[in-house]
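*Asks:* Provided herewith is a single structure, encoded as structure tokens, for subsequent inquiry.
Numbering (my numbering), first residue to last: 869 to 1135.
Next comes the structure, spelled out in structure tokens:
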């Protein structure tokens, strides 16, 4: 639940900030009609993202046994690629995001209402589809008993509320630190989902090596205990992973964390 809550909160707030920038700029430039068109574009993007998430879940439930695990494993690894790219993209683009969006809005206003809706749609749809795919993958990795959907809904709802308060000027938070810390935690979440994807394919015989158990904590952290459920629901923790799964976890976390946390070069 906590993992999906954080995913929903981070991705939702990112999208809410983008919407706030677009609407505030149009209101400031005396274009309230354009602001309404932006909101229509946003609504379309949100609906599309929800349908993508539902479509993935329905498709997976209908495929034959075996194929389900293959798709889940591959999709989980793709989702990790999405979120890794997103974390680094936000770290690079956050400072110049406002100016970039303003330029796109100016260009769209000079073209047509459809172009303006398109700017809003494409600015939000990337966040929405990434969120849908990643939440679905996290749900598969953590299990339904951790209330993953509830966590995602609560995260998105809180993000919408925070975004509105920031837009109205009633709330100020250090967004740079917020995205930095949540990004660091999402690296750990992504590593767990990556391990889940590899584990699914390893069980099918795709990776028939290093299948021995690397460690076994099931005697200390019993299955379905509150601690096991908490760890599995936050970081997709496994009490008895294979050697390959353990190596994959470290092979992802160490280089990605190093690149993410290293100080930026001063220019």
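We put the beta carbon where it would ideally sit given N, CA and C, even for glycine.
Quantities reported herein were computed from a predicted structural model and do not represent experimental measurements.
#1: Please return the same chain residues whose Cβ sits closer than 7 Å to the Cβ of residue 880, not counting the five positions on each side in sequence.
#2: Determine contact between the segment 904-917 and the segment 1055-1063, defined as no fewer than three beta-carbon pairs at a distance below 8 Å.
#3: From this set, 949, 1036 and 1120, which residue's C-alpha is nearest residue 889's C-alpha?
#4: Excluding the five sequence neighbours on either side, which residues of its own chain have a C-beta within less than 7 Å of the C-beta of residue 1070, listed in chain order?
#5: Can you name the start and end residues of the alpha helix (DSSP H) that residue 927 belongs to?
#6: Taking three-plus beta-carbon pairs below 8 Å as touching, is the segment 1044-1058 in contact with the segment 920-931?
#7: Can you give me the start and stop residues for the alpha helix (DSSP H) that residue 1111 sits inside?
#8: Quick one, are the C-beta atoms of residue 997 and residue 1128 less than 8 Å apart?
#9: Buried or exposed for residue 1120, please, with buried defined as at least 16 other CB atoms from any protein chain shown within 10 angstroms of its CB.
#10: State the DSSP-derived secondary structure class of residue 1079, mapped to helix, strand or coil.
#11: Could you check the C-alpha separation between residue 931 and residue 1068 for me, to the nearest Å?
#12: Distance, Cα to Cα, residue 1019 vs residue 1030?
#13: Return the CA-CA distance between residue 1032 and residue 1075, expressed in angstroms with no decimal places.
*Replies:* Taking the structure as given:
#1: 1023, 1024, 1027 and 1028
#2: no
#3: Closest in alpha carbon position to residue 889, among 949, 1036 and 1120, is 1036.
#4: 1079, 1110 and 1112
#5: 900-930
#6: Cβ pair count under 8 Å is below three, so no.
#7: 1111-1129
#8: no
#9: buried
#10: Three-state result, residue 1079: coil.
#11: 16 Å
#12: 16 Å
#13: 47 Å
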